[in-house]
Amino acid sequence: MNASSNGADAARRRSRRGRGKGTAPGSAKTSGDFWGSPDKLPPVEEVTVSTDPSAVVRSLGRPPFPGHEAVSEYYLRAVYDNAAKLAEVLATAGDLLSEPPEGES
Numbered sequence: 420m421n422a423s424s425n426g427a428d429a430a431r432r433r434s435r436r437g438r439g440k441g442t443a444p445g446s447a448k449t450s451g452d453f454w455g456s457p458d459k460l461p462p463v464e465e466v467t468v469s470t471d472p473s474a475v476v477r478s479l480g481r482p483p484f485p486g487h488e489a490v491s492e493y494y495l496r497a498v499y500d501n502a503a504k505l506a507e508v509l510a511t512a513g514d515l516l517s518e519p520p521e522g523e524s
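Heads up: the sequence shown runs through residues 420 to 524, numbered per the working numbering.
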């Protein structure tokens, strides 16, 4: 026997081991219990869209990047704005917005 046939035989043995074994009895029942009961969840709170997502961070002062404050401020604001837009989209998809965004009715 050469090394390549030994590897092929081992692979065949491994593939046979997993055949014919379904899920364990009773496992289907417990998978639904994983998330718990919806009745025990707290009430859903609506989401309000921020008009200035970077206000809190700006209140801390300029970014500590000597010589690059203006550029870093621009890019950090872009990150905050994109995060706020993504949050708004997710809240809209989940029907959680407290009011429609400006310009829409």
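Think of the CB as a built atom: it goes at the ideal place given N, C-alpha and C, for glycine as much as any other residue. All figures in this text were calculated on a predicted structure; none of them were measured in a lab.
- When rounded, the separation of the alpha-carbon atoms in histidine 487 and tyrosine 499 is 18 Å.
- Here proline 461 is exposed. Its C-beta has fewer than 16 other C-beta atoms within 10 Å.
- The three-state reading of DSSP puts leucine 516 in strand, counting E and B together.
- The three-state secondary structure of valine 463, taken from DSSP, is coil.
- If you draw a straight line from the Cα of arginine 477 to the Cα of aspartate 452, it comes to about 44 Å.
- By the neighbour-count criterion, in which a residue is buried when 16 or more other Cβ atoms sit within 10 angstroms of its Cβ, proline 472 is buried.
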